[in-house]
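Notes for the one structure printed next.
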Amino acid sequence: MKVAKDADALLSYDPNLRLPLWPSEEEACEQIMSIWDEADVIEVSDNELQFLTGSDKIDDETAMLLWRRNFMLLLVALGEKGCNYYTKVSNFSSVFQCLILTFLWLTML
Numbered sequence: 028m029k030v031a032k033d034a035d036a037l038l039s040y041d042p043n044l045r046l047p048l049w050p051s052e053e054e055a056c057e058q059i060m061s062i063w064d065e066a067d068v069i070e071v072s073d074n075e076l077q078f079l080t081g082s083d084k085i086d087d088e089t090a091m092l093l094w095r096r097n098f099m100l101l102l103v104a105l106g107e108k109g110c111n112y113y114t115k116v117s118n119f120s121s122v123f124q125c126l127i128l129t130f131l132w133l134t135m136l
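Position in the sequence shown (first residue = 1) + 27 = this note's numbering.
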């Protein structure tokens with residue numbers, strides 16, 4: 028990651044949480060968050076949002092608990108309900124597939 032950062036590469040991170048692969052939930056959370064601040068773009072699912080924040084809510088306030096100043100985009104995927112996007116200047120929701128909108132957003136950088 029350091030080499031990529033030094034080359035000004037855009038770093039995206041999707042934790043793709045699979046709890047059965049981890050020794051414990053605590054270890055999973057610790058390791059996921061250990062590289063959180065290195066990313067420019069983060070994508071989490073609604074379940075990952077709840078896991079990483081310890082909240083049972085899926086809303087803007089909960090999502091912002093994961094926000095870091097260095098982020099360009101935080102994306103919360105909501106399955107068939109679409110996704111929520113959070114940027115430095117605004118946030119919005121979309122019922123379109125997250126992957127398509129994320130690609131379009133990144134091409135505008």
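By construction, the Cβ of each residue, glycine as well, lies at the ideal position given by its N, Cα and C atoms.
Opposing strand residues paired with residue i [DSSP bridges]
i	result
residue 120	111
Contacting residues, own chain, Cβ-Cβ under 8 Å from residue i (five flanking each side not counted)
i	result
residue 102	68, 69, 70, 71, 110, 111, 112, 113, 125 and 129
residue 99	37, 67, 68, 114, 115 and 136
residue 106	72 and 73
Which listed residue (the options) has its alpha carbon closest to that of residue i
i	options	result
residue 58	104, 34, 79 and 116	79
residue 93	62, 120, 108 and 106	62
residue 88	55, 53, 28 and 118	118
residue 45	74, 34 and 33	74
residue 120	99, 86 and 98	86
residue 81	53, 64 and 29	53
residue 64	34, 29, 97 and 108	97
Sequence-distant residues of its chain with Cβ nearer than 6 Å to residue i (five each side left out)
i	result
residue 39	68
residue 66	38 and 40
First and last residue of the uninterrupted alpha helix (DSSP H) at residue i
i	result
residue 55	52–61
residue 34	Neither: residue 34 is in no alpha helix (DSSP H) and is coded neither H nor E.
Same chain only: Cβ atoms within 7 Å of residue i, ignoring 5 sequence neighbours per side
i	result
residue 90	76, 101, 103, 111 and 113
residue 31	38
residue 42	59, 71 and 75
residue 50	none
Next on the checklist: Just to confirm the assignment: which complete alpha helix (DSSP H) runs, minimum length 4, are found wholly within the stretch 69–118?
Outcome noted: 73–80 and 87–91
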